[in-house]
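Residues in the sequence shown are numbered from 1 upward in steps of one, following the working numbering. Note that the Cβ used here is the ideal one computed from N, Cα and C, for glycine as well. Everything numeric in this text was worked out from a predicted model, so none of it was measured.
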Amino acid sequence: MRYELMLPHQIRKAIEENWPVVLPLGVLEYHGEHMAVGMDTLAVIKTVELIEKERDLVILPPFYYGAASYAVAAPEGSGSVQVGGPVLSPFAEELFYGLLRIGFHNIHAIIHHQTENFVAGMPTDLAFKTAGRQAIFRFLEKERGEGWWGSNSMADYYAGHAQGENVFNWVQVHPLMPAAMNGKYPFDHAGKGETSLMLALCPEAVDEKRLADNTGWYT
Numbered sequence: 001m002r003y004e005l006m007l008p009h010q011i012r013k014a015i016e017e018n019w020p021v022v023l024p025l026g027v028l029e030y031h032g033e034h035m036a037v038g039m040d041t042l043a044v045i046k047t048v049e050l051i052e053k054e055r056d057l058v059i060l061p062p063f064y065y066g067a068a069s070y071a072v073a074a075p076e077g078s079g080s081v082q083v084g085g086p087v088l089s090p091f092a093e094e095l096f097y098g099l100l101r102i103g104f105h106n107i108h109a110i111i112h113h114q115t116e117n118f119v120a121g122m123p124t125d126l127a128f129k130t131a132g133r134q135a136i137f138r139f140l141e142k143e144r145g146e147g148w149w150g151s152n153s154m155a156d157y158y159a160g161h162a163q164g165e166n167v168f169n170w171v172q173v174h175p176l177m178p179a180a181m182n183g184k185y186p187f188d189h190a191g192k193g194e195t196s197l198m199l200a201l202c203p204e205a206v207d208e209k210r211l212a213d214n215t216g217w218y219t
């Protein structure tokens with residue numbers, strides 16, 4: 001269910017039933033002459049829409065303005081939009097904190113951009129990971145006061161943690177393709193892998209007639 005279309009009673013139901021709240025996260029970046037600049041974000045949006053057909057989800061409006069960088073191409077005439085991690089993190093913290101205040105405790109940002117390095121982290125996912133932690137600390141201190149973790153009410157923290165009960169799971173960031181996909185799917189930039197992904201999920205984002213216009217090694 002798209003969050004911007006939800007009525008308050010639907011939001012309350014999603015909170016009560018602990019629906020996953022999903023933020024499609026990505027960038028606007030040059031992906032060759034044949035593919036849309038929103039490819040990384042569109043891949044997440046279209047995948048989440050497919051998942052929503054099988055289970056209850058809250059789908060937040062997508063965030064396109066991540067750290068694309070100019071590593072692939074200069075922005076002039078190519079369309080890449082670069083917003084640095086130091087700027088993203090404060091915004092993301094406010095966003096996650098606001099969602100926690102509403103009552104959501106099952107928040108997931110999903111990203112495809114640069115996730116071949118997800119374990120080490122890249123600017124966009126690192127900014128949102130850090131922001132998620134900061135938002136949780138801030139929210140818990142507001143709700144429970146300073147010293148909340150050291151209070152006797154948290155005496156079962158480690159036992160609960162071992163069972164997957166962890167307040168720091170309230171906000172998580174995930175790659176669109178998990179590590180288990182490594183070697184099973186061609187990971188590239190605007191090459192056969194991503195082009196195939198777009199043709200399957202969002203064919204209007206690909207113009208195969210423009211393939212011959214590409215000059216980069218990665219396409």
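Query	Result
Span of the beta strand (DSSP E) around Pro24	Val21 to Leu25
Cα-Cα separation between Gly77 and Val87, rounded to whole angstroms	24 Å
In chain order, each beta strand (DSSP E) run of at least 3 residues that lies wholly inside the segment 66 to 129	107 to 111
Touch test, the segment 163 to 175 against the segment 100 to 108, Cβ-Cβ under 8 Å, three pairs minimum	yes
Pairwise C-alpha distance: Lys129 and Leu7	29 Å
From Glu93, Val27 and His112, residue whose alpha carbon lies closest to that of Val83	Val27
Beta carbon of Ser89 nearer than 8 Å to that of Ala135	no
Cut-off 7 Å between Cβ atoms - residues of its own chain near Gly66, not counting five sequence neighbours on either side	Leu25, Gly26, Val27, Val83, Leu88, His113 and Thr124
Cβ separation of Met35 and Thr195, assumed to be a contact under 8 Å, to the nearest whole Å	6 Å
Alpha-carbon to alpha-carbon, Tyr158 and Tyr30	45 Å
Alpha helix (DSSP H) runs wholly inside the segment 3 to 47, at least 4 long, in chain order	8 to 16
Euclidean distance between Cα positions of Gly191 and Glu146	50 Å
Euclidean distance between Cα positions of Asp207 and Val81	21 Å
Pick from Gly38, Glu49, Lys46 and Val48 that is closest to Gly79, judged by C-alpha positions	Gly38
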